[in-house]
């Protein structure tokens with residue numbers, strides 16, 4: 001089987017990705033992140049348009065606080081970040097790798113025509129770079 005060498009984000013992104021809405025509880029989000037082993041998740045509206053991003057780091061303190069005070073955890077919309085770094089499916093893997101250097105997000109939502117079409121992680125890009133290097 002001769003696999004094509006990946007050259008764009010589309011070649012390595014996860015299409016069926018975990019996502020939440022602004023109405024998702026932080027507790028449900030935390031459980032989903034743990035189940036899917038993700039450091040964060042895109043936040044979408046009812047039309048799957050990207051409206052934000054929320055990370056484990058964003059919610060850890062609030063979950064801890066809700067445990068101490070024995071109250072309900074807030075909703076995602078109360079803690080999500082609205083300024084989200086995104087990428088497109090047609091972006092070159094090497095260009096995105098350059099952007100990912102430094103203290104950037106570990107996950108980039110992949111957006112096409114304002115809709116979430118997938119996610120790509122640093123690990124996805126690293127694996128793609130290793131594949132490119134071998135060819």
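Numbering (the UniProt record's numbering), first residue to last: 1 to 135.
Think of the CB as a built atom: it goes at the ideal place given N, C-alpha and C, for glycine as much as any other residue.
CA-to-CA distance, residue j to residue i, given in whole angstroms
i	j	result
residue 75	residue 128	35 Å
residue 133	residue 43	34 Å
residue 104	residue 95	14 Å
residue 112	residue 59	27 Å
residue 24	residue 77	8 Å
residue 106	residue 32	17 Å
residue 56	residue 89	25 Å
residue 68	residue 10	43 Å
Bridge partner(s) assigned by DSSP for residue i
i	result
residue 72	Paired residues: none, contrary to the question.
residue 133	Residue 133 pairs with nothing; no bridge assigned.
residue 107	121
residue 92	8
Span of the alpha helix (DSSP H), counted from its first residue to its last, around residue i
i	result
residue 29	26-36
Beta-carbon proximity check, residue i vs residue j, cutoff 9 Å
i	j	result
residue 93	residue 16	no
residue 86	residue 110	yes
residue 125	residue 100	yes
First through last residue of the beta strand (DSSP E) which encompasses residue i
i	result
residue 121	115-121
residue 101	First-last for residue 101: undefined, no H or E at that position.
residue 52	50-55
Cutoff 9 Å: residue i Cβ touching any chain C Cβ
i	result
residue 54	Among the protein chains of the structure shown there is no chain C, as only one such chain exists.
Given residue i as reference, the closest of the options once Cα atoms are compared
i	options	result
residue 84	9, 12, 53 and 5	53
residue 79	27, 5 and 18	27
residue 30	116, 46, 64 and 109	64
residue 46	122, 116 and 121	116
residue 49	22, 98 and 61	22
residue 51	72, 20 and 37	20
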